[in-house]
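Everything below concerns the one structure shown next.
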Amino acid sequence: MNAPKPVYFIARTLVASLFITSGFFKLMEPAQNFLAVVQSYEILEGRSAVIFAQSLPWIEFIFGVFLLLGLWRRAAILALWACNSFFIVALFSAFFRHLPIHDCGCFGQSLFSFSPAQMLVNDIFLWLVFLWLW
Amino acid sequence: MQNGKVFLTFVVVMICVLTVWAARRVWPGRAKFDRAPSAASRSQGPPSAPYRVVEYMDYECRHCRNLAALLLDVFEKNYPDVYLEVRFRPFKGHPRGMRAAVYADCAARQGRFWMLHPILLEKQDEWLSGADAEALFRGYSRMVRSDEARFDACVESEETEKGILAEKGRAESIGVRSTPTVFVNEKMAVGEAAVRDLLAYSFPEKKAEAKP
Numbered sequence: 000m001n002a003p004k005p006v007y008f009i010a011r012t013l014v015a016s017l018f019i020t021s022g023f024f025k026l027m028e029p030a031q032n033f034l035a036v037v038q039s040y041e042i043l044e045g046r047s048a049v050i051f052a053q054s055l056p057w058i059e060f061i062f063g064v065f066l067l068l069g070l071w072r073r074a075a076i077l078a079l080w081a082c083n084s085f086f087i088v089a090l091f092s093a094f095f096r097h098l099p100i101h102d103c104g105c106f107g108q109s110l111f112s113f114s115p116a117q118m119l120v121n122d123i124f125l126w127l128v129f130l131w132l133w
Numbered sequence: 000m001q002n003g004k005v006f007l008t009f010v011v012v013m014i015c016v017l018t019v020w021a022a023r024r025v026w027p028g029r030a031k032f033d034r035a036p037s038a039a040s041r042s043q044g045p046p047s048a049p050y051r052v053v054e055y056m057d058y059e060c061r062h063c064r065n066l067a068a069l070l071l072d073v074f075e076k077n078y079p080d081v082y083l084e085v086r087f088r089p090f091k092g093h094p095r096g097m098r099a100a101v102y103a104d105c106a107a108r109q110g111r112f113w114m115l116h117p118i119l120l121e122k123q124d125e126w127l128s129g130a131d132a133e134a135l136f137r138g139y140s141r142m143v144r145s146d147e148a149r150f151d152a153c154v155e156s157e158e159t160e161k162g163i164l165a166e167k168g169r170a171e172s173i174g175v176r177s178t179p180t181v182f183v184n185e186k187m188a189v190g191e192a193a194v195r196d197l198l199a200y201s202f203p204e205k206k207a208e209a210k211p
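Protein sequences, first through last, are from chains Y and F. Take the first sequence: its position 16, counted from the start at 1, is 15 in numbering that gives the first Met the number 0, and no numbers get skipped. Take the second sequence: its position 151, counted from the start at 1, is 150 in numbering that gives the first Met the number 0, and no numbers get skipped.
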């Protein structure tokens, strides 16, 4: 799809900023806080939950910066799109299992607060934006 | 061209790492864990014990209730090597949890915290669903308080609540955002599963298996 360059640039900048913000705020919190969020989704546990909780904020932050700068653009889109797809699966799963999650934990716990249902809608929209950016 | 891109990638990654490292040093919520006993009347065991177990909790939190028996079990099995302290981190949307903390704090001022604390947790369902939680709190505290007039003045005082809010602020300054959060010395665990893991790891001979 051929999009006008300024529109593509703005969309890319917004998506990159979203992931940079999300990763940065998680990195500013003690890692155990995000680990608790990961465990509350009851998908990963034990060592895999720890590795995921420690690496995801860095992936979001660094690939977000790559996407912002246009460095390894396709790889950055792919990495962040994969994260976004995982979030959608996790949120759907939490939604259908009626897990008692009141805050999705997507931006750490210090800035924005979204319910899983709100974030699911946002993430599906973001998934479509990634499809367009690709 | 490719070498230049790889070098640029390296530089960008290093800048990202340094930015996070620098930001963490000034970011609120990254203060060092406060080892000083801030609520001595809510603690058990010698303050000089090699293991300092500090729990940040909210009385409306069900996972905190689930962990109460385990924490006491760990304390009893490892005494006198463990110092156990309870600090309050009530949530804004939990007014009954806040009132429970006020009653518990007033009991602590009369040296009766460890009598009221387990009652408040055991009866959590009752006062969460009851129409008049305040009457229930008064009923529980009647069983444990020693000086009735002083206790009533304490629970009515705005200062008690202010003190708990200040404690909550101190908790947030070290990154405590949710409950239960437990520190064993400087090691932090958030959430029931992680706390169970941390206690099992820290006290391996005394299996952390007590269930609510």
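For every residue, glycine included, the Cβ atom is placed at its ideal position computed from N, Cα and C.
{"Item": "DSSP state of F:GLN109, grouped into three classes?", "Value": "coil"}
{"Item": "I'd like the list of long-range same chain contacts for Y:LYS4, defined as Cβ closer than 7 Å, with 5 residues on each side in sequence excluded.", "Value": "none"}
{"Item": "Using the beta-carbon count (16 or more within 10 Å), is F:TYR200 buried or exposed?", "Value": "exposed"}
{"Item": "Could one say the Cβ of F:LEU70 lies closer than 8 Å to chain Y's Cβ atoms, at least one of them?", "Value": "no"}
{"Item": "Identify the contact partners of Y:PRO29 in chain F, using a Cβ-Cβ distance below 7 Å as the criterion.", "Value": "GLY174, MET187"}
{"Item": "Label F:ASP146 either buried or exposed according to how many other C-beta atoms from any shown protein chain fall within 10 Å of its C-beta, with 16 as the threshold for buried.", "Value": "exposed"}
{"Item": "Would you say F:TRP26 faces chain Y, with C-beta separation under 8 Å as the test?", "Value": "yes"}
{"Item": "Answer yes if the segment 55 to 64 of chain F comes into contact with the segment 89 to 105 of chain F, meaning at least three C-beta pairs across the two stretches below 8 Å, and no otherwise.", "Value": "yes"}
{"Item": "Could you tell me whether the Cβ of Y:VAL64 comes closer than 8 Å to any Cβ of chain F?", "Value": "yes"}
{"Item": "Could you check which residue in F:VAL25, F:SER128, F:ARG23, F:PHE150 has the C-alpha nearest to that of F:HIS93?", "Value": "F:SER128"}
{"Item": "Among F:ALA193, F:MET114, F:GLY168, which residue has its Cα nearest to the Cα of F:THR180?", "Value": "F:ALA193"}
{"Item": "In angstroms, rounded to a whole number, what distance separates the CA positions of F:VAL175 and F:ARG141?", "Value": "32 Å"}
{"Item": "Using 8 Å as the threshold, is the C-beta distance between F:VAL81 and F:GLY110 below it?", "Value": "no"}
{"Item": "Under 8 Å between C-beta atoms, does F:CYS15 make it to chain Y?", "Value": "yes"}
{"Item": "Locate the alpha helix (DSSP H) running through F:ARG244, then write down its first and last residues.", "Value": "Here chain F covers residues 0 to 211 and nothing more, so residue 244 of chain F does not appear."}
{"Item": "In three-state terms, what does DSSP make of F:GLY138?", "Value": "helix"}
{"Item": "What is the rounded straight-line gap between the Cα of Y:ASP122 and the Cα of Y:LEU98?", "Value": "19 Å"}
{"Item": "Could you check what DSSP says for Y:LYS25 in three-state terms: helix, strand or coil?", "Value": "helix"}
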